[in-house]
Amino acid sequence: MNEGSYGTSGICPNTESVIQEGKNVYGITFAADDGEAWTEAQMIAAIEGVAAVDRKLWSAGGFRTIMGSVTFLRSSKTQWTDSNGNVHNIDYGAQTFGRTVEFYDPAFDVGSLDPNFRNNVVHEVGHVFNYAIATGSDADPYAELGQALGGTLPSRETFRDGLDPYPWQQNTRGDSMNSNGELYADGFLNWTYDSFNNEPEGVQISGWFDAQMSLWVSPSNP
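Those letters in the sequence shown? Residues 6 to 227, by this note's numbering.
Here it is, written out as structure tokens:
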């Protein structure tokens, strides 16, 4: 694994300063498996997503205060093995493990300048947020969203009616798209950019996220 594989050679000063800001201000480390590398454009697009989250969390101390140090890994994995030992090709863009986000080849198919990639980054940061809150307090964003479905939130089946289509819904895989975690991460993405739609479901979800996010990042949250 090559950590910080972007280096500084050949990078213009403005680009280098943006990349260093990602590490020094937001606590982001760009790493890559052997044979893989982040391009400058990819790193800048990722940092743009992180900066958007930072702005939303500013009153609570910002991205780094809430998330801690986060690693974005450019992974060489092309397959995964299920619990039955069956091997499958990776056909999704990324997966988050604690404070490490692994990005796979499909994540980069859209191109780094496409906002779809940036939105993928923010969706995955939503998973990091859940981990940071769940391990640092008694709160559990995934579980609390699940408990609210069908009550203060739309039902599991109608939740996504409050979100515009891709790229504002990053997980459209039928086997997992309506799990608590994936609904939460897509909700986190739309909360970051204030992009819930104006349907009743969107208004309902937006209000819930605003209230809950304030509670979760409150210094009084045990």
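Where a beta carbon is used, it is the ideal one built from N, C-alpha and C, also for glycine. In this text the structure is predicted, and so the values were computed from the model without any measurement.
Kindly indicate which residue of the options has the alpha-carbon position closest to the one of residue i.
i      : options                           : result
Ser211 : Phe164, Ser184, Glu187 and Arg178 : Phe164
Asp143 : Ser223, Val58 and Val55           : Ser223
Gly27  : Gly40, Leu62 and Ser74            : Ser74
His93  : Gly40, Pro111 and Trp85           : Trp85
Tyr97  : Asp199, Gln209 and Asp180         : Asp180
Gln25  : Thr83, Glu53 and Thr140           : Glu53
Ser200 : Ala46, Pro170, Gln152 and Phe108  : Pro170
Gly151 : Ala139, Asp114 and Gly186         : Gly186
Met218 : Asn183, Pro146 and Arg178         : Pro146
Ala50  : Arg60, Ala153 and Phe113          : Phe113
Among the residues of its own chain, which have a CB less than 7 Å from the CB of residue i, if the five just before and after it don't count?
i      : result
Asp191 : His128, Leu168, Gln174, Gln175 and Asn176
Ile203 : Ile is not the amino acid found at residue 203; the sequence shown has Asn there. Nothing listed; no residue qualifies.
Pro172 : Pro120, Asn121 and Asn124
Val58  : Phe68, Val127, Val130 and Thr197
Val115 : Asn121 and Phe122
Ser221 : The amino acid at residue 221 is misidentified as Ser; the sequence shows Trp. Same-chain partners within the cutoff: Ile138, Ala144 and Pro146.
Leu188 : Leu150 and Phe164
Ala65  : Ile71 and Val222
Leu154 : Ser160, Arg161 and Phe164
Less than 6 Å between C-beta atoms, sequence neighbours within five positions excluded: which residues of the same chain meet that for residue i?
i      : result
Phe214 : Gly192 and Trp196
Gly9   : For Gly9, the predicted model reports a pLDDT of 48, less than 50, meaning its position is unreliable and no value from the coordinates is stated.
Glu41  : Arg79 and Ser81
Ala56  : none
Gly207 : Gly167 and Phe201
Asn183 : Arg161
Arg178 : none
What residue range is occupied by the uninterrupted beta strand (DSSP E) comprising residue i?
i      : result
Arg79  : Val75 to Arg79
Thr105 : Thr105 to Phe108
Asn91  : No beta strand (DSSP E) contains Asn91, which DSSP labels as neither H nor E.
Phe102 : Ala99 to Phe102
Thr83  : It is not in any beta strand (DSSP E) - Thr83 carries neither H nor E in the DSSP assignment.
Spatial neighbours of residue i within its chain, please: CB distance less than 8 Å, with the 5 preceding and 5 following residues excluded, ordered by chain position.
i      : result
Arg231 : Residue 231 falls outside the range modelled here, since the chain spans only 6 to 227, and no answer is possible.
Gln209 : Thr157, Leu158, Pro159 and Gly167
Ile16  : Confidence at Ile16 is low in this model, with a pLDDT of 46, below 50, so its placement is unreliable and the value that follows should be read with caution. Within the same chain, Ile16 has close Cβ partners Ile24 and Glu45.
Thr70  : Leu62
Ala148 : Asn185
Glu107 : Leu78, Ser80, Lys82, Ala99, Gln100 and Thr101
Ile95  : Lys82, Thr83, Gln84, Trp85, Tyr109, Asp110 and Pro111
Phe87  : A quick correction: the sequence has Asp, not Phe, at residue 87. Excluding sequence neighbours, Asp87 sits near His93.
How would you write the range of the alpha helix (DSSP H) that residue i sits in, first residue to last?
i      : result
Asn202 : Unbroken run through Asn202: none, as it is neither H nor E.
Phe134 : Pro120 to Gly141
Notebook entry, point to check: What residue ranges within the stretch 145 to 191 form continuous alpha helix (DSSP H) runs of no fewer than 4 residues, ordered along the chain?
Noted result: Counting whole runs of 4 or more residues, the stretch 145 to 191 contains the alpha helix (DSSP H) stretches 146 to 153.
Next item on the list: Tell me, please, whether the stretch 74 to 89 touches the stretch 29 to 41 by the rule of three or more beta-carbon pairs shorter than 8 Å.
Entry: Cβ pair count under 8 Å is three or more, so yes.
Next item on the list: Enumerate, from N- to C-terminal direction, the unbroken beta strand (DSSP E) stretches of 3 or more residues contained entirely within the stretch 21 to 75.
Entry: Within the stretch 21 to 75, the complete beta strand (DSSP E) segments at least 3 residues long are 33 to 37, listed from N- to C-terminus.
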